[in-house]
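Please read the structure below before turning to the comments.
2 protein chains.
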Amino acid sequence: MHDHAGHEGGACGADHAAATMARAEKLCRDRSLHFTKLRHDVLQAVAETGKPMGAYDIAERLSGPERRVAAVSVYRALDFLTENGLVHRIASRNAFVSCAHEHGAGEGLVFLICRSCGGIDETTSPEIEAGLGRTLERAGFRPASRILEVEGECGACHGRQGDDAH
Amino acid sequence: MHDHAGHEGGACGADHAAATMARAEKLCRDRSLHFTKLRHDVLQAVAETGKPMGAYDIAERLSGPERRVAAVSVYRALDFLTENGLVHRIASRNAFVSCAHEHGAGEGLVFLICRSCGGIDETTSPEIEAGLGRTLERAGFRPASRILEVEGECGACHGRQGDDAH
DNA sequence: TCTCCGGTGATACACTGTAACACCGGCAGC
DNA sequence: GCTGCCGGTGTTACAGTGTATCACCGGAGA
Numbered sequence: 000m001h002d003h004a005g006h007e008g009g010a011c012g013a014d015h016a017a018a019t020m021a022r023a024e025k026l027c028r029d030r031s032l033h034f035t036k037l038r039h040d041v042l043q044a045v046a047e048t049g050k051p052m053g054a055y056d057i058a059e060r061l062s063g064p065e066r067r068v069a070a071v072s073v074y075r076a077l078d079f080l081t082e083n084g085l086v087h088r089i090a091s092r093n094a095f096v097s098c099a100h101e102h103g104a105g106e107g108l109v110f111l112i113c114r115s116c117g118g119i120d121e122t123t124s125p126e127i128e129a130g131l132g133r134t135l136e137r138a139g140f141r142p143a144s145r146i147l148e149v150e151g152e153c154g155a156c157h158g159r160q161g162d163d164a165h
Numbered sequence: 000m001h002d003h004a005g006h007e008g009g010a011c012g013a014d015h016a017a018a019t020m021a022r023a024e025k026l027c028r029d030r031s032l033h034f035t036k037l038r039h040d041v042l043q044a045v046a047e048t049g050k051p052m053g054a055y056d057i058a059e060r061l062s063g064p065e066r067r068v069a070a071v072s073v074y075r076a077l078d079f080l081t082e083n084g085l086v087h088r089i090a091s092r093n094a095f096v097s098c099a100h101e102h103g104a105g106e107g108l109v110f111l112i113c114r115s116c117g118g119i120d121e122t123t124s125p126e127i128e129a130g131l132g133r134t135l136e137r138a139g140f141r142p143a144s145r146i147l148e149v150e151g152e153c154g155a156c157h158g159r160q161g162d163d164a165h
């Protein structure tokens, strides 16, 4: 269902970043979109980090002695990237994560946010989709978009430290 | 499944507010919590409005020539109210809505946010719960909390104005 | 009475996000 | 080539969101 690297915190980050950048370049070429330097850099920063980043985190990371990137520019780049499905916004964190795979427009995405490592995994579930569809129909509600974010502990983290966490 | 007043925008607001306040008073009595004037007023403001309110909206509404309520006080009251399930936070809006009914702790809540009237309905669905449970288990993820918010058009709105909305 | 403690008031500050305007560079069309 | 348009970026300003910190107050209990 989801074929990317899972919780990114670790060494898989480079692969994920490479895959993300490759997909972005292809996607922009196919749609004749401008994959400018700023948009490239913003996406790369998020992809390399692998964890949710705030716009100001990104701005700070891209800024240096010779270049200053203002948060407002980052927001514009993020708008572009989210519109094209290259990054996702995590509403519960006011943060953004990169995305290496394709999904059909509103096709039900589930974000799994790990409290321990701060990593985010992303998955889909036809079961949830179906259940949600029926629930909305019962309520007479016509959906346009949705967010589903789960916070907890990822498999790697509770496998690693077991029950001594508390 | 959900027995309260549905999308609140209209005349049902008063009922909803009354029910909410009654539940809050009982709950605080039962748990020996301090249902102070500020907490009462904040809850009442949210319940009467029936739409999602930002903390600053609430502060403004409670403030007048003789009383000034700072946003920071509102946040503290909101913390108290959310911890006790009297209001819910809508992550996608950075806003809060009141809640007139009981739910078991993390028992799957779904928020239906109407783009037209701005009202919020709240429902639950065992189907979604079950599907989500299986999905999380497959992913090896141990959930602690979750949010599920759907934005779209409520039954009343698309019933009323049909297709001439665009 | 004194102390402790939770709730509140108040100030300050950091973070998040948008509006408005100027500039710049590429790309028609002439 | 020149001109005008237009999208992307830089910059400033500002509104909204949320937290940290300290002071004060009033009730409960020693």
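Chains as they are written, first to last, in numbering that gives the first Met the number 0: chain A, 0 to 165; chain B, 0 to 165.
No residue lacks a Cβ here, since even glycine has one placed at the ideal position from N, Cα and C.
Bear in mind that the values here come from a model prediction, so they are computed numbers and not experimental data.
Where residue i meets chain A, residues with beta-carbon distance less than 7 Å
i	result
B/Thr-35	The contacting residues do not exist; B/Thr-35 stays about 28 Å from chain A at best.
B/Ala-90	Ala-90 and Ser-91
B/Ile-57	Here the premise fails: no neighbours, minimum Cβ distance about 20 Å.
Residue range of the alpha helix (DSSP H) that includes residue i
i	result
A/Gly-130	125–138
Host beta strand (DSSP E) of residue i (start-end)
i	result
A/Ser-144	141–152
Paired residues, beta bridge with residue i - DSSP
i	result
A/Cys-156	A/Cys-156 pairs with nothing; no bridge assigned.
B/Thr-19	BP columns for B/Thr-19 are empty, so no partner.
A/Asp-120	A/Leu-111
Partners in chain B for residue i, counting only beta-carbon separations shorter than 9 Å
i	result
A/Phe-95	By Cβ distance, chain B contributes nothing, its closest Cβ being about 14 Å from A/Phe-95, past 9 Å.
A/Asp-120	Ala-138 and Phe-140
Chain A residues whose Cβ lies nearer than 9 Å to that of residue i
i	result
B/Ala-143	Arg-114, Val-149, Glu-150, Gly-151 and Glu-152
B/Gly-130	Ser-124, Pro-125, Glu-126, Ile-127, Glu-128, Ala-129, Gly-130 and Leu-131
Proximal residues of chain B, C-beta to C-beta of residue i below 8 Å
i	result
A/Val-73	Chain B residues near A/Val-73: none, gap ~19 Å exceeds 8 Å.
Chain B contact residues for residue i, given Cβ-Cβ distances below 7 Å
i	result
A/Leu-111	Ala-138 and Phe-140
A/Arg-133	Glu-126
Cross-chain neighbours of residue i in chain A, by beta carbon under 8 Å
i	result
B/His-157	Arg-141
Handout entry: beta strand (DSSP E) runs wholly inside the region 22–109 of chain A, at least 3 long, in chain order
Key = 86–89 and 94–97
Practice task
Count the CB pairs spanning the region 78–93 of chain B and the region 132–151 of chain B that are closer than 8 Å, and state whether there are at least three.
Solution key: yes
Practice task
Could you tell me whether the region 125–136 of chain A touches the region 60–76 of chain A, where touching means 3 or more Cβ pairs closer than 8 Å?
Solution key: no
Handout entry: Inter-stretch contact (C-beta, 8 Å, three-pair minimum) for the region 105–122 of chain B and the region 97–113 of chain A
Key = no
Handout entry: Segment contact, 8 Å Cβ cut-off, at least three pairs: the region 55–63 of chain A with the region 71–84 of chain A
Key = yes
Handout entry: Contact the region 134–142 of chain A vs the region 130–139 of chain B: 3+ CB pairs below 8 Å
Key = no
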